[in-house]
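Enquirer:
Number of protein chains: 2
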Amino acid sequence: MPAPHPWSVLLTVKRWSCDQNFGSFPIQHHGHEQIRQSQVIGSWLGFSSYNGGEMNGTSKMMDFLEEPLPGVGTYEDFNTIDWVREKSRDRDRHREITSRSKESTWALIHSVSDAFSGWLLMLFIGLLAGSLAGLIDISAHWMTDLKEGVCLAGFWFNHEHCCWKSNTTFTDRDKCPEWKSWSQLIIGHGEGAFAYILNYLMYVIWALLFSLLAVLLVKGFAPYACGSGIPEIKTILSGFIIRGYLGKWTLIIKTITLVLAVSSGLSLGKEGPLVHVACCCGNILCHLFTKYRKNEAKRREVLSAAAAAGVSVAFGAPIGGVLFSLEEVSYYFPLKTLWRSFFAALVAAFTLRSINPFGNSRLVLFYVEFHMPWHLLELVPFILLGIFGGLWGAFFIRSNIAWCRRRKTTKLGKYPVLEVFVVTAITAILAFPNEYTRMSTSELISELFNDCGILDSSKLCEYVNDFNSTKGDDLPDRAAGPGVYTAMWQLALALIMKVFITIFTFGMKVPSGLFIPSMAVGAIAGRLLGVAMEQLAFYHHDWVIFSGWCSQGADCITPGLYAMVGAAACLGGVTRMTVSLVVIMFELTGGLEYIVPLMAAAMTSKWMADAIGREGIYDAHIRLNGYPFLEAKEEFSHKTLAMDVMRPRRNDPPLTVITQDSMTVEDVETIINETTYSGYPVVVSRESQRLVGFVLRRDLIISIENARKKQDGIVSTSIIYFTDHSPPLPPSFPSMLKLRSILDLSPFTVTDQTPMEIVVDIFRKLGLRQCLVTHNGKLLGIITKKDVLKHIAQLANQDPDSILFN
Amino acid sequence: MPAPHPWSVLLTVKRWSCDQNFGSFPIQHHGHEQIRQSQVIGSWLGFSSYNGGEMNGTSKMMDFLEEPLPGVGTYEDFNTIDWVREKSRDRDRHREITSRSKESTWALIHSVSDAFSGWLLMLFIGLLAGSLAGLIDISAHWMTDLKEGVCLAGFWFNHEHCCWKSNTTFTDRDKCPEWKSWSQLIIGHGEGAFAYILNYLMYVIWALLFSLLAVLLVKGFAPYACGSGIPEIKTILSGFIIRGYLGKWTLIIKTITLVLAVSSGLSLGKEGPLVHVACCCGNILCHLFTKYRKNEAKRREVLSAAAAAGVSVAFGAPIGGVLFSLEEVSYYFPLKTLWRSFFAALVAAFTLRSINPFGNSRLVLFYVEFHMPWHLLELVPFILLGIFGGLWGAFFIRSNIAWCRRRKTTKLGKYPVLEVFVVTAITAILAFPNEYTRMSTSELISELFNDCGILDSSKLCEYVNDFNSTKGDDLPDRAAGPGVYTAMWQLALALIMKVFITIFTFGMKVPSGLFIPSMAVGAIAGRLLGVAMEQLAFYHHDWVIFSGWCSQGADCITPGLYAMVGAAACLGGVTRMTVSLVVIMFELTGGLEYIVPLMAAAMTSKWMADAIGREGIYDAHIRLNGYPFLEAKEEFSHKTLAMDVMRPRRNDPPLTVITQDSMTVEDVETIINETTYSGYPVVVSRESQRLVGFVLRRDLIISIENARKKQDGIVSTSIIYFTDHSPPLPPSFPSMLKLRSILDLSPFTVTDQTPMEIVVDIFRKLGLRQCLVTHNGKLLGIITKKDVLKHIAQLANQDPDSILFN
């Protein structure tokens, strides 16, 4: 018996959940393909992956022996799909429909409806994702305000709506009599230390209540609902199966807990999780159409489009969403999908707009309108912001990964509820006293992006007004008033708090996105720099650097633009997005004018961050969790050959093979029982080692069982043959078993001298599961996707065993 | 001697030029790789492909025997590159630089500068492409106006500039005293029949002058400068070599003739040729950096980015340009290239803006600003426009291809100058009397897109004014005045003229783009429909369909929007662009509002056109010219196997192979002389047919020649061996020749049972030149890219011999 392949060893994996140990259950990888076929489709929707481990092969196997080709075309949980096979199957299906369509009108209608089903599905995804996003926005807005007070005109109104509905007149925009803070409601007034403490207390209590509810719901009903979901979605789109990750329970729980988590005031955003929510919608809606339900490759096309719709509703940026899906999330993205993704993203964006959650008919989350052009010299501070963004990104990724690793490996991971409690308590206690951390992070970003107009009453716009020099809407640079200085200090404190608290927040067992906290950090830094530049230009407009473009009384610096550039830089540093980042930001401003500053900052930020650490946050989390993700962007740069990677290794026993026409049923069953490989090469003879094809373990087991039950004369000594014609044998022999139909006659092969860079390229571009290695026409070994990943990890000086579930 | 492979037969090809026969010269394909190495790099810049045929192998061969590895890594003209090899070479180079960078500071600087050279190159391309586009815009504008008159203040001013410079007051915006029409200049006044005829005559004469100059320049100096260039660029980017197509002469001549052709008033645009111009810039600038000069795959990454820059300057749409390059032009487009393309596109757009050719600081060609939202019911006319666009696209492609085929096959193709003369004469004669055809097509589109304001003096805006109901800037729908009705008739005539004349114009021997004429057709149709809708709504606002959204005195229909939607639909029908089309249009309007109408029209148009004929105009021209382009978008949908496509065919003699250690120098030379294949498989022995590797003909010839000259004891009876160790032979034998270094040890193989859909996928995704076919480990045959293309053509019921230069 040959030694077990490393890729077929039984693995005990930690349960899949935001880098955390929620317990563990055994799952088997690659080898031991137990036949639990009925689950394969059904459980994609639900939870059944959690009891998958309990079922044993033989008890279930019997159910399928009645079916013609049981078990074909589906995969075990935590397995990698074979893209080539999936795409072939879809082409076969398409060919059949096309050829039938000429036969009858009904078949023609079927063919047309099949062609349009993709578009219909996109429409549904857009509608559902847009509606859910609207729902989440409205609820989160209301619950965030609930921490501060309640509306007497109806508790279901948020602060803003409450004051809109108000008939009475009031001076300050947001201090209408109908809206009562908790102290006003409980002790009748809002002034004084006691009222402040009461409001403080209520704020902390609500925050704790929301976050605890969120973590308990996640823990109790859908462990997959935690985190941002983007690393897992990237892995799924690359061809991995995680059952239940995009199911209906995940969708429901994630939607609810996302609202709770955002409302609790934790330093997290809803943008990343919205991508997960949209992908859940996509996956569930796939079940309406056979074409997508039954084909894992086609389903992934839909999921790519759904991810685009998710970003589209998160930022109101359909084009940016499509580019995000293309650049960051997707693996296999044909141009057809690009067009459909765009459609889905557009439908989603317009659905959200008709729900109108921001109450301003605006599509975008942060609508900004700048009027002043920027000067070429301003590129210097923009590039400084880029450097800051890059440093922050690299720092954040390192610290967050270190913290998450600590959580995984120490006792800390065993108390997720306590962790959430502590982090929420600290966040809420620190946040309340500072105006800029008390407000929701999106509001903060909005305010920072905003260019000060004449009527702006916010502290950030408390400049010393000199109305003599004001012409029309154009405000010149002015001296900062005391409000601005206070705001600066508060913002600096908020910056420090956000920087540190976010590290501990991302990765907890609640839905948590990174976009908004990253942008907030950048926006604060940018605004600080912007105001500093503005004051510098105001007081020193005679300096050489300002001469020629910034005379006295001119409006030369727009601090809001600096905030925006800073936000882009920090987001770029953390996620390493490039084009999609700039396009999303462009869609927020709507002016090509500001693309150049954004691009300068994004480029600097990426270079800076890449110089410190190559991986973006999502890739770092993929590696932390050992997901089998073959990065398509990084070049494989080592000079190893296929023979260095293939199994068996130099001193291992030879590869287990099946001969094409000389092994008995018993021989094959022995091989099946003694090894755990998921498939076996079929050769002409053991001596020649000339490759004929590849047969999957699962197919072999099913076919032999089936033959033993149904085919007369098949006994243990029957010869199994894979050739076209039966081998010439004396008539005294028992009848033979022909298994050519389950043989894959076109396995991929490379020679042992093929450079690994080419092998990696083949695995990436064709989406292979395994590839056979030959030398001078003789079969020598096999390389699986896991071998490739392990090899890459090894060359990067990482533990090769970290790959796949540790 | 085995029968010659079909793919190695000497082909006499027509000279490459806008589907036209400019003479013919013999070129050899795949086989007979003559050694004209010195040209390989140099001639990329110039014309030398035209004398390539005159050089004979042996005379040149001697020059390179001194070099260590002569002829490696370069390709013959009209050959397909091997992407895998090119990318491997680049990785090797990169590895070497990286490993050296640790040795010295100088090497480190070299490594950093190497990393940034890509960005620097993009910057240069952006600057050059932007400047050239500005130059072309300004010159074309001036020369277009020259057909009507001349500026007395300075002949180098165009009409608009002339009147800006004017100090005198004048009533009509464009009738300043400094600008003299030809009749005013010659006979002193501009009134009356004689003046009209004189102006008419001058218009026609200038048009003929410009177009004849253009065709003569193209014919005389750079035959590759004709047409739009996009089909050829697609082919080049897919890995084909056409030397001189992107050279400096093509650039210079194309820039000059493009201005001439546009100014002559022919029904063509400058947008497509601008892509060609930008690609020429990219190719020429590649010579500044070794990394790109010496690697065909890297060079193609640069060209993809240059194409994006080209569209970016053509429309002022950087994002649209990148998506156009991704969707329409590029073949291999890694994400790294996406980011760099975006940078190049942005630099180009901003360079163009600082040149400011339109004199309005606008980035975009057609700047439009609509104020009114559209109603959901308006989707019906928008979809109608989509149907029209699809029909027009399909009709245009069919007629244009039929005409071009006629030109190729009949005597017509022999008189390109006459053809241009006749078409220009007809165009000019028909165009002058109609105001809307007399103006340049871009001006026409601008006017059609324009929403009528109060002060608009154009005929299209001559509505019956009812100033009582006007509030502010908002004009209600009004009854059309006589001017509008006249304009409608003139536009209808212009539409008919454009539809027909464009068919004959596209494909002539002048630079000619299709974007503008297509958009013009659509814009006219759209405007006509828009005005019709507007009048319908005005006179019948009580109809059910208008009730609820279009009451009396409201501004409900924007005819300019209809024009824009129509333009998008027609452009989509002709080119089958999808996302990039919508994004370009979106960048023109700058409002997400109007994406939905554009998308509806573009989708309908594509569906409609696809239902009639699958190919877009560029693909149709690629097929017409038989370029070896393997379409990446279309699924291969037939059920053939690799064995049906491979050579040798069933009854052919067996494949010519070389054995690894038993053939003499003479044997190999005989094979080389008797066959014309570009490479030979190396096998263990003729009996076993077990594959060892693949050796290129060119490498074999060079190595043997080299060995005969330099290595002692190599005679005709010397054994050539490809193994690691020399075969055991008696010492009396002459010394042996080891050629392992030139053997490709990792040839791609598939089994004979592999479905062709998978083989096609491999060819596409990996960019192979050839692939070997095995059966049970034995070598059986070979499939080349040309075999694949021929097979696809055959299955599509086309003549398989149409592939490659017929």
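Quick note, the sequences are listed as chains A and B, same order. Going by the UniProt record's numbering, the first residue of the first sequence is number 1, and it counts up by one from there. Going by the UniProt record's numbering, the first residue of the second sequence is number 1, and it counts up by one from there. Note that the Cβ used here is the ideal one computed from N, Cα and C, for glycine as well.
Which residues of chain A have a Cβ atom closer than 8 Å to the Cβ of D761 of chain B, listed in chain order?
Expert: Within chain A, the residues near D761 of chain B are V84, K87 and L766.
Enquirer: Helix, strand or coil, according to DSSP, for Y292 of chain A in the structure here?
Expert: DSSP places Y292 of chain A in helix when its eight states are reduced to three.
Enquirer: Let me check you understand the geometry: is the CB of K336 of chain B closer than 7 Å to at least one non-hydrogen atom of the ligand HEM?
Expert: No copy of the ligand HEM appears in this structure; indeed no ligand is present at all.
Enquirer: Would V218 of chain B and V510 of chain B be called neighbours here (beta carbons separated by less than 8 Å)?
Expert: Contact: yes.
Enquirer: So what's M599 of chain B in DSSP terms, helix, strand or just coil?
Expert: Residue state, collapsed to three classes: helix.
Enquirer: P755 of chain B touches chain A at which residues, Cβ-Cβ below 8 Å?
Expert: In chain order: S88 and S746.
Enquirer: Buried or exposed: where does L120 of chain A fall if 16 or more other Cβ atoms within 10 Å of its Cβ makes it buried?
Expert: Burial call: exposed.
Enquirer: Would you please verify whether the beta carbon of G777 of chain A is less than 8 Å from any beta carbon of chain B?
Expert: Yes, G777 of chain A counts as interfacial toward chain B.
Enquirer: Name, going along the chain, the residues of the region 618 to 639 of chain B whose beta-carbon falls closer than 7 Å to a beta-carbon of chain A.
Expert: Taking 7 Å as the Cβ-Cβ cut-off against chain A, the residues of the region 618 to 639 of chain B that qualify are K633, E635, S637 and K639.
Enquirer: Grab me the residues of A225 of chain B's own chain with a C-beta within less than 7 Å of its C-beta, minus the 5 sequence neighbours each way, in chain order.
Expert: Excluding positions up to five away in sequence, the list reads V218, T250, I253, K254, T257 and P511.
Enquirer: I'd like to confirm the pairing. Which residues does DSSP put opposite F240 of chain B in its beta bridges?
Expert: In DSSP, F240 of chain B forms a bridge with B:T80.
Enquirer: Look at the Cβ atom of V313 of chain A, then the Cβ atom of A153 of chain A, and state whether they are nearer than 8 Å.
Expert: In this structure, A153 of chain A does not lie closer than 8 Å to V313 of chain A by Cβ.
Enquirer: Note down, one range per segment and in chain order, each alpha helix (DSSP H) of at least 4 residues found wholly within the region 140 to 196 of chain B.
Expert: Entirely contained in the region 140 to 196 of chain B, the alpha helix (DSSP H) runs reaching 4 residues are, in chain order, 159 to 165 and 182 to 187.
Enquirer: Throw me the rounded Cβ distance for the T77 of chain A and R769 of chain A pair, which I believe falls under 8 Å.
Expert: The sequence given here has Asp at residue 77 of chain A, not Thr. The pair is not a contact, with the Cβ atoms about 15 Å apart (cut-off 8 Å).
Enquirer: Do you know how far the Cα of N295 of chain A is from the Cα of S688 of chain B?
Expert: Using only the alpha carbons, I get a separation of about 41 Å.
Enquirer: With a cut-off of 8 Å, does the C-beta of H541 of chain A fall near any C-beta of chain B?
Expert: No, its Cβ sits nowhere closer than 8 Å to a Cβ of chain B.
Enquirer: With 8 Å set as the bound, which would you pick, yes or no: does the beta-carbon of H189 of chain B sit closer than that to a beta-carbon of chain A?
Expert: By this cut-off, H189 of chain B is not an interface position.
Enquirer: Exposed or buried, which one is W106 of chain B when buried takes at least 16 other CB atoms within 10 Å?
Expert: Exposed, since its Cβ has fewer than 16 Cβ neighbours within 10 Å.
Enquirer: Could you check the C-alpha separation between D661 of chain B and A305 of chain A for me, to the nearest Å?
Expert: About 55 Å.
Enquirer: Could you list the residues in the region 375 to 386 of chain A with a C-beta less than 7 Å from some C-beta on chain E, going in chain order?
Expert: The chain inventory of the structure shown lacks chain E, comprising the protein chains A and B.
Enquirer: Output, in chain order, the set of chain B residues within a Cβ distance shorter than 7 Å of L335 of chain A.
Expert: Neighbours of L335 of chain A on chain B, chain order: E327 and K633.
Enquirer: Looking only at C-alpha atoms, which of B:Y203, B:L216, B:W179 and B:C280 sits nearest to residue 816 of chain B?
Expert: The structure shown has nothing for residue 816 of chain B, since chain B only spans 1 to 806.
Enquirer: Tell me, please, whether the CB atom of G472 of chain A is closer than 8 Å to any CB atom in chain B?
Expert: Confidence is the limiting factor: at G472 of chain A the pLDDT is only 48, short of 50, which leaves the residue's position unreliable, though a coordinate-based value still follows. So no, G472 of chain A is outside the interface.
Enquirer: In the DSSP assignment, the alpha helix (DSSP H) including G389 of chain A goes from what residue to what residue?
Expert: G389 of chain A -> alpha helix (DSSP H) spans L379 to T409.
Enquirer: CA-CA distance, L198 of chain B and H141 of chain B?
Expert: Their Cα atoms are separated by approximately 22 Å.
Enquirer: Rounded to the nearest angstrom, what separates E96 of chain B and E103 of chain B at their Cα positions?
Expert: The alpha-carbon atoms of E96 of chain B and E103 of chain B are separated by roughly 11 Å.
Enquirer: Under 7 Å Cβ-Cβ, which residues of chain A neighbour R769 of chain B?
Expert: Neighbours of R769 of chain B on chain A: none; closest Cβ ~14 Å, over 7 Å.
Enquirer: Taking Cβ positions only, does W549 of chain B come closer than 8 Å to chain A?
Expert: Not one chain A Cβ lies under 8 Å of W549 of chain B.
Enquirer: Give me the DSSP bridge partner(s) of D744 of chain A.
Expert: Bridge partners of D744 of chain A: A:F694.
Enquirer: If we define contact as Cβ-Cβ less than 8 Å, is V544 of chain A a contact residue for chain B?
Expert: Not an interface residue.
Enquirer: Which ranges does the alpha helix (DSSP H) cover as unbroken runs of at least 4 residues, wholly within the region 510 to 578 of chain B, from first to last along the chain?
Expert: The region 510 to 578 of chain B contains these whole alpha helix (DSSP H) runs: 515 to 539 and 559 to 575.
Enquirer: Does the beta carbon of W164 of chain B sit closer than 8 Å to a beta carbon anywhere in chain A?
Expert: By this cut-off, W164 of chain B is not an interface position.
Enquirer: Here's a check: name, in chain order, each residue in its chain whose Cβ is nearer than 8 Å to the Cβ of I742 of chain A, leaving out the five neighbours to either side.
Expert: Cβ neighbours of I742 of chain A beyond the five flanking positions: V695, L696, D699, L700 and S703.
Enquirer: At 8 Å on the CB atoms, spell out the chain B contacts of F694 of chain A, in chain order.
Expert: Those do not exist, as F694 of chain A stays about 10 Å from chain B at its closest Cβ, beyond 8 Å.
Enquirer: If you run the structure through DSSP and keep just helix, strand and coil, what is Q770 of chain B?
Expert: Three-state result, Q770 of chain B: strand.
Enquirer: Alpha carbon to alpha carbon, what distance is there between F636 of chain A and D90 of chain B?
Expert: Approximately 12 Å, taken between the alpha carbons.
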